[in-house]
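Visitor: Just so we're on the same page, my numbering is the position in the sequence shown counted from 1, plus 20. In this text, a Cβ means the ideal position worked out from N, Cα and C, and glycines have one as well.
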Amino acid sequence: MIIQWLGHACFLIAFSDGRVLMTDPFGPEVGYPRPAYPADVVTVSHQHFDHNAVKQVPGRPRVIEGEGRHDLEGITITGVPSFHDSSKGGQRGKNTIFVIEAEGLRVCHLGDLGHVLEEEQVEQIGRVDVLMIPVGGFYTIGAGEAVRVVEQLKPKYVLPMHYKTSYIDFPISTADDFLSRFPGCRREQELRVTADSLPASAQAVIIELKK
């Protein structure tokens, strides 16, 4: 499995059989280069312009939204309900957490999670090998809450997302505060991961922007 970052909450996951999954594609107004890479499957965590720009994706990908289980011949995607804020959705509505199972790995994309997880959600998510987690705050959990979520889910790889960079002017923070809690953070062009190559404890990885 190869994971690349296109900016914001948008990742490309390439599977060994050639299929590609994209998470939360964004529109051009966000500021990052347009995520114009073909994908077979697209997950959308919620209906905000910086997460639901499916029309930016070439071709006719299968779009998965909301809670429930989807079996795609060797890839299983499960949507777990959550909220975009700490007020049960009263401020920003609902958010879907996606757990992607393939090749003996479990990847969890938290979308725009706005709260620390409930025990029931932790149980629904289950084991996590790779965690894609928002860390910029304001619209989502910030650094402190993100650390608590990492402690709840105990992933092997932690991939920060939804943080301030030079490309965007959203009022969110950089990843620096979050990363200060993870000594030895790596920076990679992409993350290549297999079920037999996982680290013993949580390893934070900043994936450089794919242009």
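Using only CA atoms, which one of V100, R212 and Q76 lies nearest to F226?
Guide: Rather than Phe, the amino acid found at residue 226 in this sequence is Ile. Closest by alpha carbon: R212.
Visitor: Would you check if the segment 23-35 and the segment 48-63 touch, i.e. whether three or more CB-CB distances between them fall below 8 Å?
Guide: The answer is yes - the segment 23-35 touches the segment 48-63, with three or more Cβ pairs under 8 Å.
Visitor: Please name the residue or residues paired with Q172 in a DSSP beta bridge.
Guide: Answer is none; Q172 lacks a bridge partner.
Visitor: Give a yes or no on whether the C-beta atoms belonging to I117 and L133 are separated by under 8 Å.
Guide: Yes, these two residues count as a Cβ contact at 8 Å.
Visitor: CB A122 to CB G94, shorter than 8 Å?
Guide: Taking 8 Å as the Cβ cut-off, A122 and G94 qualify as a contacting pair.
Visitor: Measuring only the C-alpha atoms, how far is H68 from A56?
Guide: So the alpha carbons of these two residues sit roughly 18 Å apart.
Visitor: Could you have a look at L199 and say whether DSSP puts it in helix, strand or coil?
Guide: Of the three classes helix, strand and coil, the one that applies to L199 here is helix, per DSSP.
Visitor: Should D37 go down as buried or exposed, given a rule of 16 or more other Cβ atoms within 10 Å for buried?
Guide: Per the 10 Å Cβ criterion, exposed.
Visitor: At the level of alpha carbons, what is the spacing between R89 and P101?
Guide: One C-alpha to the other measures close to 12 Å.
Visitor: Mind the definition here: the segment 191-205 touches the segment 153-163 only if three or more C-beta pairs lie below 8 Å; say whether that holds.
Guide: As far as the Cβ criterion goes, the segment 191-205 touches the segment 153-163, which means the pair count is three or higher.
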